[in-house]
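Numbered per our numbering, the sequence shown finishes at 179, counting up by one with no gaps.
Beta carbons: idealized from backbone N, C-alpha and C, even for Gly.
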Amino acid sequence: MKEMVESANDDFIETRRKALHKFLNRIADHRTLTFNEDFKCFLTAQAWELFSQKKQGPGLLSRMGQTVKAVALSMRGVKIRPEDFIEIFSQKINLIDKISQRIYKEEWEYFDEMKEYDPVHILWSASEEDPADTLKSVASFVNVTTLTDAVRPLKTDVWTFRSPASCRT
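Here you go:
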């Protein structure tokens, strides 16, 4: 390798050095890559500044150890993500289940109230002559609606989960 550098033309080396300097300046100006202050310092510092920081900072092995630890933590973070996703997903499913149970309960309370209106409309139709037909129609509609809606949850139980063993039979 040393022979290649010695045999290279000085103009070629200077051209490569300028191109490398231009490339490093572009990286130093990059908005995403420059969040790390140490990296930004490395890219923008002069050669003499790096030597003084090298003497003050940790040794090569400890820096390599920190890099390996950072990579290991990032890889470990990938393994944790599915567990976090499962936890968040189960919390959201439980929340949806609670909301659906509350809606179901309110629906039943509404049907109970509607059942009370059926006799009211029938009595009202007996006392009024002009709207009697309309009131009887409303009463029969309320009666039919409450009966069909009361049977509907028995037909479609959305929240019934089966184990794989029960699905085979």
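Residue 133 counts as exposed, since fewer than 16 other C-beta atoms from the protein chains shown sit within 10 angstroms of its C-beta. Annotation for residue 35: the continuous alpha helix (DSSP H) segment containing it runs 20-39.
Out of 149, 110, 142, the CA that lies nearest to the CA of residue 127 is found in 149. With fewer than 16 other Cβ atoms from the protein chains shown falling within 10 Å of its own Cβ, residue 105 counts as exposed.
Excluding sequence positions up to five before and after residue 76, its CB lies less than 7 angstroms from no other CB in the same chain.
Judged by beta-carbon spacing, residue 54 lies within the 8 angstroms limit of residue 38, meaning their Cβ atoms are closer than that value. Per DSSP, reduced to three states, the secondary structure at residue 80 is helical. Looking at the backbone, the Cα of residue 51 and that of residue 107 are separated by about 52 angstroms. Taking the Cα positions, residue 153 is about 15 angstroms away from residue 117. Here the alpha carbons of residue 29 and residue 19 stand approximately 15 angstroms from one another.
With a beta-carbon spacing of about 5 angstroms, residue 146 and residue 135 fall inside the 8 angstroms limit used to define contacts. In the three-state DSSP reduction, residue 97 falls in the helix class (H, G or I). Across the structure, residue 103 and residue 122 are spaced so that their CA atoms are roughly 29 angstroms apart.
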